[in-house]
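Numbering (our numbering), first residue to last: 1189 to 1260.
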C-alpha cells in the first residue's frame, strides 16, 4: 500500500525538523575498503555509522555522569 501525497509531505516535514545528515569525505581507496567491510558484515555504511554515532553519544553521556559524580 503506497502512501498518500499528504502523508509523504508530513513525513518530509517531520524529517526536516527532526533529522540531520552527517557526512565526511574519505579517500577513494578507503571508501572501497569500507564498502567491502559493510558487504562482508551484511550491513550498510549508514547503519555502521549510525551505530558508531550512538556509541559515541552513549560514551560521552557516561563521561558526563562520571564527571558529575566526581564533582559532588
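Where is the CB? At the ideal position from N, CA and C, for every residue including glycine.
Between the beta-carbon of residue 1243 and the beta-carbon of residue 1233, is there less than 8 Å?
Cβ atoms of residue 1243 and residue 1233: not closer than 8 Å.
Excluding the 5 residues flanking residue 1236 on each side, which residues of the same chain have their C-beta closer than 7 Å to its C-beta?
Taken in chain order, the residues that qualify are 1226.
Mapping DSSP to helix, strand and coil, what is residue 1213?
Reduced to three states, the DSSP call for residue 1213 is coil.
Tell me whether residue 1230 sits in a helix, a strand or coil according to DSSP, three-state version.
It is coil, neither helix nor strand.
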